[in-house]
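Participant: In our numbering, the protein residues as written are 108 to 377.
Ideal placement from N, C-alpha and C gives every residue a C-beta, glycine not left out.
These figures come from a predicted structure and were not determined experimentally.
Quick one: this structure, given as structure tokens, is what I'll be asking you about.
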């Protein structure tokens with residue numbers, strides 16, 4: 108049995124993971140970390156659910172000896188410190204936090220160099236299939252006059268824009284076309300901007316209501332176009348992917364991995 112710590116344990120994804128793990132006999136939640144625990148009085152239902160689980164506002168208050176793996180769905184500032192904790196104590200980690208800046212990414216690379224860690228902006232298995240499809244389409248259509256545009260839609264509560272998933276899609280296209288990233292990315296065009304440049308990847312961000320998560324990638328040619336769309340309807344798809352990632356990462360050698368490493372998808376699928 109894998110003894111698990113969840114960081115961001117009271118957030119949307121942390122709560123979804125707690126619910127999902129109730130039906131996962133291979134895992135036992137032993138530590139729940141959330142800054143909200145420093146100032147939030149737990150209601151009766153949450154107290155019952157977390158009975159026997161160590162609760163902490165940060166890892167400064169936590170016991171590393173009871174943890175086999177860490178699952179992080181927090182915020183960038185906190186996730187960097189959680190990565191430091193994992194690195195210092197040699198604990199494998201799966202990280203689903205998004206919105207890192209470059210300085211934070213550099214710190215993650217430093218702290219995680221001696222432990223296995225899977226980092227992914229999107230834990231959905233199908234979304235990671237889309238990453239491969241987009242890479243393949245970019246390769247096949249490289250000699251055609253095709254423009255790539257990305258549209259992402261999320262609920263009103265999402266804090267960062269564009270989503271890390273949209274940026275990952277744009278990065279895949281840029282790498283396959285040997286374009287400089289993120290310089291070729293254009294956000295929310297406005298005004299008299301002139302004709303579209305050939306080396307350009309557009310990203311449009313929509314926010315509203317309870318739209319869960321949608322990403323659409325359009326390859327627009329002359330007289331025809333291809334659209335690849337992924338829609339997530341609930342947090343369940345991310346929870347399933349995170350559980351699979353935890354099973355996979357636990358005995359890996361040190362290094363930073365992603366979901367594509369776990370899935371073992373070939374670069375070209377045909």
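(1) Are there 16 or more other CB atoms within 10 angstroms of the CB of residue 116, so buried, or fewer, so exposed?
(2) Contact between the region 230-239 and the region 299-319 is defined here as three or more beta-carbon pairs at a separation below 8 Å; is this criterion met?
(3) Among the candidates 140, 212, 206, 155, whose CA atom is the shortest distance from the CA of residue 178?
(4) How many whole angstroms separate the CB atoms of residue 256 and residue 325, which I take to be in contact at a CB cut-off of 8 Å?
(5) In angstroms with no decimal places, state the Cα-to-Cα distance between residue 360 and residue 223.
(6) Within the continuous alpha helix (DSSP H) that includes residue 209, where are the two ends?
(7) For residue 231, which residues in the same chain have their Cβ closer than 7 Å to its Cβ, ignoring the five residues on either side in sequence?
(8) Where do the ends of the alpha helix (DSSP H) carrying residue 271 lie?
(9) Mind reading off the beta-carbon distance from residue 291 to residue 308? Whole number of angstroms is fine, and I expect it under 8 Å.
(10) For residue 183, report the span of its beta strand (DSSP E) as first-last.
(11) Report the partner residues of residue 323 according to the DSSP bridge assignment.
(12) Between which two residues does the alpha helix (DSSP H) carrying residue 366 extend?
(13) The beta strand (DSSP E) with residue 114 in it runs from where to where?
(14) Take residue 123 and list the residues in its own chain whose beta-carbon comes closer than 6 Å to its own, dropping the five residues that flank it on each side.
(15) Taking the alpha-carbon positions, what's the residue 330 to residue 286 distance?
(16) Going by beta carbon distance, what residues of the same chain come within less than 6 Å of residue 112, once the five residues before and after it are set aside?
(17) For residue 241, does the three-state DSSP call read helix, strand or coil?
(18) Hey, residue 227 and residue 194 are a contact pair by Cβ (cut 8 Å); roughly how many whole angstroms apart?
(19) How far does the alpha helix (DSSP H) with residue 151 in it extend, from its first residue to its last?
(20) Only counting the same chain, and skipping five residues up and downstream in sequence, which positions put a Cβ closer than 7 Å to that of residue 378?
(21) Measuring alpha carbon to alpha carbon, tell me which of 266, 229, 323, 358 ends up nearest residue 366.
(22) Taking Cβ positions, are residue 142 and residue 171 nearer each other than 8 Å?
(23) How big is the Cα-Cα spacing for residue 354 and residue 215?
(24) Answer with buried or exposed for residue 269, where buried requires no fewer than 16 other C-beta atoms within 10 angstroms of its C-beta.
Facilitator: Taking the definition as stated:
(1) Counting the other CB atoms within 10 Å of its CB gives residue 116 a total of 16 or more, which places it among the buried residues.
(2) no
(3) 140
(4) 5 Å
(5) Taking the straight line joining both Cα atoms gives about 6 Å.
(6) 209-218
(7) Cβ within range, chain order: 339, 344, 345, 348.
(8) 271-283
(9) With 8 Å as the limit, residue 291 and residue 308 qualify as a contact, their Cβ atoms being about 5 Å apart.
(10) Note, residue 183: premise wrong, no beta strand (DSSP E); alpha helix (DSSP H) at 183-196.
(11) DSSP, once it has assigned bridges, lists 258, 336 as partnering residue 323.
(12) Note, residue 366: alpha helix (DSSP H), 366-370.
(13) 109-114
(14) 342, 346
(15) 25 Å
(16) 138, 174, 177
(17) helix
(18) That belief does not hold up - the Cβ atoms of residue 227 and residue 194 are roughly 18 Å apart, past 8 Å.
(19) 151-156
(20) Since the first and last residues shown for the chain are 108 and 377, residue 378 lies out of range.
(21) 229
(22) no
(23) 21 Å
(24) Buried, because 16 or more other Cβ atoms sit within 10 Å of the Cβ of residue 269.
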